[in-house]
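Enquirer: Structure in structure tokens, see below.
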Amino acid sequence: MSDRFSGLLLRRADDALVLGHRLSEWTGHAPSLEEELALANLALDLIGQARALYALAAEKGAGEDEDSLAYLRGDREYTNLLLLELPNGDFAVTIARLFLYAAFMDPFWRAAAGSRDRDLAAIAAKAEKEAAYHLRHAAEWLIRLGDGTEESHRRAQAALERLWPYTGEMFEPEDEVLVAADVCPEPAGLREAWNRTVDAVLAEATLSRPAECWMQSGGRAGRHTEHLGHMLAVMQSVARAHPGGKW
Amino acid sequence: MYSQALNTRDAGPSAEDADALARFQARIDAEEKIEPNDWMPEAYRRTLTRQISQHAHSEIVGMLPEGNWITRAPSLRRKAALLAKVQDEGGHGLYLYAAAETLGTAREELVEQLLSGRAKYSSIFNYPTLSWADIGAIGWLVDGAAIMNQIPLCRCSYGPYARAMIRVCKEESFHQRQGYEIMLTLCRGTEAQKAMAQDALNRWWWPCLMMFGPPDTASQHSDASMKWKIKRFTNDDLRQKFVDATVPQGLHLGLTFPDPELRLEDGHWRFGAIDWDEFKRVVAGDGPLNRERLAARKAAHEEGAWVREAALAFAAKRRRKAA
Chain L
87 MSDRFSGLLL
97 RRADDALVLG
107 HRLSEWTGHA
117 PSLEEELALA
127 NLALDLIGQA
137 RALYALAAEK
147 GAGEDEDSLA
157 YLRGDREYTN
167 LLLLELPNGD
177 FAVTIARLFL
187 YAAFMDPFWR
197 AAAGSRDRDL
207 AAIAAKAEKE
217 AAYHLRHAAE
227 WLIRLGDGTE
237 ESHRRAQAAL
247 ERLWPYTGEM
257 FEPEDEVLVA
267 ADVCPEPAGL
277 REAWNRTVDA
287 VLAEATLSRP
297 AECWMQSGGR
307 AGRHTEHLGH
317 MLAVMQSVAR
327 AHPGGKW
Chain R
2 MYSQALNTRD
12 AGPSAEDADA
22 LARFQARIDA
32 EEKIEPNDWM
42 PEAYRRTLTR
52 QISQHAHSEI
62 VGMLPEGNWI
72 TRAPSLRRKA
82 ALLAKVQDEG
92 GHGLYLYAAA
102 ETLGTAREEL
112 VEQLLSGRAK
122 YSSIFNYPTL
132 SWADIGAIGW
142 LVDGAAIMNQ
152 IPLCRCSYGP
162 YARAMIRVCK
172 EESFHQRQGY
182 EIMLTLCRGT
192 EAQKAMAQDA
202 LNRWWWPCLM
212 MFGPPDTASQ
222 HSDASMKWKI
232 KRFTNDDLRQ
242 KFVDATVPQG
252 LHLGLTFPDP
262 ELRLEDGHWR
272 FGAIDWDEFK
282 RVVAGDGPLN
292 RERLAARKAA
302 HEEGAWVREA
312 ALAFAAKRRR
322 KAA
């Protein structure tokens, strides 16, 4: 049970860290000063979620501490969604990804706030508030981009098409034992809520929902895109160059 | 916008007659704050616009050297702290631009001055961040030097700037302690970590002393700024204060300063000659990263243009719908 629970925590922690890291790459390069501050906030929320989840996983025996889990595991040990490791692309890709993910995580954390595991429930209760804000921020931007200029519409639609094949992975089954024990929600059960959010926002944004298509998979099993290795190489470079170093 | 209402100036005295100037100076001498709608000499307005906008530009360009290490911060705690710090700098930039706008120049125009190279920013950000220890050194030294400069600005005669500086200084002093704590951790760490800290101090020390600007004998702006109580201490006074405060901190870390002439004399740490040729060269545009820093800002501005245009177009559509 403990391994199963750690696996769940690591999946969700890796998701949060990988997306938080990607968002942090915008620092100093955002399209406006206001958005600079907002993107940093989003990244900070996600890195904060990752830390809480890693710390709990470490407590359950998954590793020494949050940093050993973040900095000393290789890409084959990371179990994040492929969607979240893709490069930032332009602002439309960044926003569309955040939207598609937050539209899932908002109901996920809300459900997980009722988890039988009190530690996870506490993390989820905080994360849900953050995810609700992430969803609102991303939806507002997606609507602005979709219903803004011709160029922004084209870019937003292209972003959705690019990311769509990576959305299926969010709904892959969670650990059945944990679901049965009411530790976490079954992702498939959140699909309807996700569909409603996505359809409503896309309609307001005058964007079309991409056609259903073959879905990418593999992140949960540690089979990643070519991008994660590069991301981790950068992220872990200092920590790995100084084994045992305290920072 | 709060500040746009102020863009239309009062007619005020049509010529800057001696009476108006005398009344203005009397208010300054009585330590009254000058507020956006008050009459002020054009030169006072120009000086402050230049100073506040340069300060804002420095915050924004200053996000780049530290941003360079967010993706490589060696622990999650450090990563979050650095990201939050760089975000604070963006926030400082935002409210300093707002303070500058109260003097009648829009943020867009000020940013344009930066991107076209007409406006300056602090030259310290034209030096590269080459190791994680540079993040410690920047917090400890660069923010430390900035605080020396900025604490007196909390009493600046121009109200909006003085008030902005109170908040900026609180955050900067937190950053400074955080930077010193990074250095302390490195200096208590492995040999390689300590060497990293020493190397960072070696590279940042002299450029930090240059942050206070040219020696008093050569400064162009000091006299009028002192009379108007925009500035309250001279460059050399502040530089000495910084050195006196910082040297004992460096010695406590067990580090050495890259200055063989550094010595304690009459209660002050006296330092060797600053390379003013290097200072002038970097200010004039030939520092290690002047071109790259500006190119990065321009790229962000240009690549973000379609996003800003989309937001404007969307807002206009919504206004039409609501009408």
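Chains as they are written, first to last, in our numbering: chain L, 87 to 333; chain R, 2 to 324.
Ideal Cβ placement from N, Cα and C applies to all residues, glycine included.
1) Following the continuous alpha helix (DSSP H) through Trp-280(L), name the residue where it begins and the one where it ends.
2) Compile a chain-ordered list of the residues in the stretch 125 to 152 of chain R whose CB is closer than 7 Å to at least one CB of chain L.
3) Under DSSP, the beta strand (DSSP E) around Trp-270(R) begins and ends at which residues?
4) Could you confirm whether any beta carbon from chain R is found closer than 8 Å to the beta carbon of Ile-133(L)?
5) Output yes if chain R places a C-beta closer than 8 Å to the C-beta of Thr-235(L); else output no.
6) Could you check how far apart the C-beta atoms of Leu-96(L) and Ala-143(L) are, in whole angstroms? I think they sit under 8 Å.
7) Which of the three DSSP states, helix, strand or coil, is assigned to Ile-231(R)?
8) Quick test of your reading: Cys-155(R) and Ile-167(R), contact by CB under 8 Å. State the CB separation rounded to the nearest angstrom.
9) Is the beta carbon of Ala-156(L) closer than 8 Å to that of Tyr-140(L)?
10) Taking only beta-carbon atoms, is Leu-95(L) less than 8 Å away from chain R?
11) Which same chain residues end up closer than 7 Å to Met-321(L) when comparing Cβ atoms and leaving out the 5 residues on each side of it in sequence?
12) Could you check what DSSP says for Arg-325(R) in three-state terms: helix, strand or coil?
13) Which value, in whole angstroms, describes the spacing of the CA atoms of Met-197(R) and Leu-131(R)?
14) If you measure beta-carbon to beta-carbon, which residues of the stretch 82 to 115 of chain R are closer than 8 Å to chain L?
15) Contact between the stretch 201 to 216 of chain R and the stretch 230 to 245 of chain R is defined here as three or more beta-carbon pairs at a separation below 8 Å; is this criterion met?
16) Thinking just about the alpha-carbon of each residue, which of Ala-138(R), Tyr-162(R), Ala-147(R) and Tyr-181(R) is nearest to the one in Arg-204(R)?
17) With Arg-73(R) and Trp-333(L) assumed to form a contact (beta carbons below 8 Å), what rounded beta-carbon distance in angstroms separates them?
18) Is there a C-beta anywhere in chain L that falls below 8 Å from the one on Asn-8(R)?
19) Does any residue of chain L have a CB that is nearer than 8 Å to the CB of Ser-117(R)?
20) Closer than 8 Å, CB to CB, is Gly-149(L) near chain R or not?
21) Identify whether Ile-35(R) lies in helix, strand or coil by the three-state DSSP scheme.
22) Count the other CB atoms within 10 Å of the CB of Leu-142(R); is the residue buried (16 or more) or exposed (fewer)?
23) If you count every other CB in all the chains shown that lies within 10 Å of the CB of Lys-341(R), and 16 or more means buried, which is it?
24) With a threshold of 7 Å, establish whether the CB of Gln-177(R) neighbours any heavy atom of the ligand NAD.
25) Of the residues that make up the stretch 211 to 232 of chain L, which ones have a beta carbon closer than 7 Å to any beta carbon in chain R?
26) Find the residues of chain L that neighbour Lys-318(R), judging by a C-beta separation of less than 9 Å, and give them in chain order.
27) Given that Ile-333(R) touches chain L, what residues does it touch there, using C-beta distances under 7 Å?
28) Any contact of the stretch 130 to 138 of chain L with the stretch 160 to 167 of chain L, i.e. 3+ C-beta pairs under 8 Å?
29) What three-state label does DSSP hand Tyr-128(R) in the structure shown?
30) Is there at least one Cβ from chain R nearer than 8 Å to Val-287(L)'s Cβ?
31) Please confirm whether Glu-278(L) has its beta-carbon closer than 8 Å to some beta-carbon of chain R.
32) Of all the options Ile-229(L), Asp-192(L), Thr-283(L) and His-239(L), which has the alpha carbon lying nearest to the alpha carbon of Tyr-219(L)?
33) Decide if Pro-75(R) is buried, meaning its Cβ has at least 16 other Cβ atoms within 10 Å, or exposed.
34) Could you tell me whether the Cβ of Lys-299(R) comes closer than 8 Å to any Cβ of chain L?
35) Per the contact definition of three or more C-beta pairs closer than 8 Å, is the stretch 113 to 128 of chain R in contact with the stretch 174 to 186 of chain R?
36) Taking beta-carbon pairs under 7 Å, can you tell me which members of the stretch 169 to 202 of chain R lie near chain L?
Expert: Taking the definition as stated:
1) Counting along the chain, the alpha helix (DSSP H) containing Trp-280(L) begins and ends at 277 to 290.
2) If the cut-off is 7 Å between Cβ atoms, the stretch 125 to 152 of chain R has Trp-133 near chain L.
3) Secondary structure note for Trp-270(R): its beta strand (DSSP E) is the uninterrupted segment 269 to 271.
4) Chain R, which has a Cβ nearer than 8 Å to the Cβ of Ile-133(L), makes this yes.
5) Chain R contact via Cβ: present.
6) Going by Cβ atoms, the distance from Leu-96(L) to Ala-143(L) rounds to 5 Å, so yes, they are a contact pair.
7) Ile-231(R) falls in the coil class under three-state DSSP.
8) So it is a contact: roughly 5 Å between Cβ atoms.
9) Yes. Within cutoff.
10) Not one chain R Cβ lies under 8 Å of Leu-95(L).
11) Taken in chain order, the residues that qualify are His-107.
12) The structure shown does not extend to residue 325(R), since chain R spans only 2 to 324, so no value can be given for it.
13) Straight-line Cα distance between these residues: approximately 10 Å.
14) So the close ones are Leu-84, Ala-85, Val-87, Gln-88, Gly-91, Gly-92, Gly-94, Leu-95 and Tyr-98.
15) These segments touch.
16) When each option's Cα is compared against that of Arg-204(R), the closest is Ala-138(R).
17) Incorrect: roughly 11 Å between the Cβ atoms, too far for contact.
18) Unreliable placement is indicated for Asn-8(R), whose pLDDT of 36 sits below 50; the coordinate value is still reported in the next sentence. No, no contact with chain L.
19) No, its Cβ sits nowhere closer than 8 Å to a Cβ of chain L.
20) Taking 8 Å as the CB threshold, Gly-149(L) stays off the interface with chain R.
21) Strand.
22) A buried status is given to Leu-142(R), since no fewer than 16 other beta-carbon atoms sit within 10 Å of its beta-carbon.
23) Since the displayed chain R opens at 2 and closes at 324, residue 341(R) lies outside it and no answer follows.
24) The ligand NAD is absent from the structure shown, which contains no ligands of any kind.
25) Those would be Arg-230 and Leu-231, in chain order.
26) The answer, in chain order, is Asp-233 and Gly-234.
27) The question about residue 333(R) has no answer, for chain R in this structure spans 2 to 324.
28) These segments do not touch.
29) Three-state DSSP puts Tyr-128(R) in coil, outside helix and strand.
30) No, Val-287(L) does not count as interfacial toward chain R.
31) Closer than 8 Å: no.
32) Nearest neighbour of Tyr-219(L) by Cα position, chosen from Ile-229(L), Asp-192(L), Thr-283(L) and His-239(L), turns out to be Asp-192(L).
33) The C-beta of Pro-75(R) has 16 or more other C-beta atoms within 10 Å across all chains shown, which makes the residue buried.
34) Taking Cβ atoms only, chain L never reaches closer than 8 Å to Lys-299(R), which makes this a no.
35) The stretch 174 to 186 of chain R vs the stretch 113 to 128 of chain R: no contact.
36) Considering only beta carbons, the part of the stretch 169 to 202 of chain R lying closer than 7 Å to chain L consists of Thr-186, Gly-190, Thr-191, Ala-193 and Gln-194, in chain order.
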